[in-house]
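Down below is the structure, laid out as structure tokens.
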Amino acid sequence: MPYAPIPLRQEITVEEIYTIHYFEYRSDFHFPGESHDFWEFCYVDKGEVLITMDEKECVLKNGDIVFHKPKEFHSVAATGTSAPNLVVISFQCIGEAMRFFENKILHVDNAERNLLAQIIWEAKNCFAHRLDDPYQTKIVKKDSVLFGAEQFLRLYLEQFLLHIVRRNTLMPQSPQRIEKTSKNKSDTEIFQRLLLYLKEHISEQLTVEQICRDNTISRSQLQKLFHTQNGCSAMDYFANLKIDAAKEMIRMSDMNFTQIAEELGYASIHYFSRQFKKRTAMTPTEYAYSIKILAEGSFE
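Here it is as structure tokens:
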């Protein structure tokens, strides 16, 4: 009895990538706008921005994403209340399902945020240029690309798009799916509570014991949650949270390095500088300079 192949339907197909950027902007950032014949989305990883889409204006906050269809004029600017972090990806894509994204502002969930992180990771494996150069319009591949990186990049981006469409189209769930979702929701709620706790105590020198005690959670459950939800330990997350806050403070230009170190609970300016360089590969001074030249349009 001969086998018969079954063609697999492609709902969304990403054909080409034009740009992949992860930006850390100052609070006075403004991009005057452009239009092009391919898709682009802007995801707000931190802070908030003012988006213009043709004649429409809207404010996107942390976790929001907006898609710009081909030929749509769009611009973006910081609102002045924060120094935003943005993921901007432009791509050529076919599929009737892409109509779903037209004229929509959506909110990204944890699974989609993890996919974005995978996209950025694979982009670093593929491309030789920096991802934070806003004037980079042509992708430059590395001489030696990690095996599978380009295909993973496309697959993660397609999965990201498919996941958003499926999650927002109210598909019915089986009892088994509902039960699993309820368990995931419980873990997510605990994790989100822990993240809020860490943000509220960002100026302190927390320990694992203190985090567990204040949140009525065991050490093993704490570490499992962070490794499952974020791929790192709770203390690594907290250390990175402090550095992210320091970077935003530097971009806001309201405090000097000593004041920032004190505000975030570092024992000394020297310890702050060592931790900053350990996690960013730059000193605070080098980071401030890179942001300055980026804002002045002299980034190289």
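Position 225, counted from 1, in the sequence shown is what this note's numbering calls 260; the numbers after and before it change by one each time, with no gaps.
Cβ atoms here follow ideal geometry from the backbone N, Cα and C, with glycine treated the same way.
The ligand ZN heavy atom lying under 7 Å from the CB of residue i
| i | result |
| --- | --- |
| E59 | With respect to small molecules bound, the structure shown includes none, and the ligand ZN cannot be examined in it. |
Reference residue i; option with closest CA among the options
| i | options | result |
| --- | --- | --- |
| S70 | T87, Y322, I252 and D167 | T87 |
| S96 | G68, H142 and D63 | Per the sequence shown, residue 96 should be read as Lys rather than Ser. It is H142 whose Cα lies nearest to the Cα of K96. |
| A113 | N138, K81, C128 and I124 | K81 |
| T116 | V101, D144 and R61 | R61 |
| I246 | F273, T223, E297 and T263 | F273 |
| K282 | Q256, T320 and S255 | T320 |
| M284 | Y322, F126 and I252 | Y322 |
First through last residue of the beta strand (DSSP E) which encompasses residue i
| i | result |
| --- | --- |
| L141 | I140 to H142 |
| S110 | H109 to A113 |
| V94 | K91 to K96 |
| Q194 | No beta strand (DSSP E) contains Q194, which is instead part of the alpha helix (DSSP H) from A184 to R202. |
| L85 | E83 to M88 |
| H65 | H65 to E69 |
| T54 | T48 to E59 |
| F261 | F261 -> not in any beta strand (DSSP E); alpha helix (DSSP H) instead, spanning R254 to N265. |
Cβ-based burial, residue i [other Cβ within 10 Å; buried from 16]
| i | result |
| --- | --- |
| N291 | exposed |
| F182 | exposed |
| K234 | exposed |
| L192 | buried |
| Y38 | exposed |
Same chain only: Cβ atoms within 8 Å of residue i, ignoring 5 sequence neighbours per side
| i | result |
| --- | --- |
| E92 | L85 and I86 |
| F195 | E147, L150, L151 and I154 |
| Q45 | G130 |
| I278 | Q310, F311, R314 and T315 |
| R286 | E59, Y60, R61, S62, A118 and I326 |
Own chain residues within Cβ distance below 6 Å of residue i, not counting five before or after
| i | result |
| --- | --- |
| R212 | For R212, the predicted structure reports a pLDDT of 49, less than 50, and the residue's modelled location is therefore unreliable. The matter cannot be settled from this model. |
Proximal residues to residue i (C-beta, below 7 Å), its chain only, five neighbours per side dropped
| i | result |
| --- | --- |
| V175 | F162, A163 and H164 |
Endpoints, the alpha helix (DSSP H) within which residue i is located
| i | result |
| --- | --- |
| K159 | N145 to C161 |
| I328 | P319 to A330 |
| D249 | V243 to N250 |
| T315 | I304 to T315 |
| H236 | H236 -> no alpha helix (DSSP H), and no H or E assigned at all. |
| N275 | A269 to M287 |
| F292 | F292 to E298 |
| F136 | Element bounds for F136: n/a, residue is neither H nor E. |
Contact with chain D by residue i, beta-carbon distance below 8 Å
| i | result |
| --- | --- |
| D72 | Of the protein chains in this structure there is only one, and it is not chain D. |
Exercise. So does the region 263-272 actually touch the region 292-306, counting three or more Cβ pairs closer than 8 Å?
Worked result: no
Exercise. With a cut-off of 8 Å, do at least 3 Cβ pairs link the region 221-230 to the region 184-191?
Worked result: no
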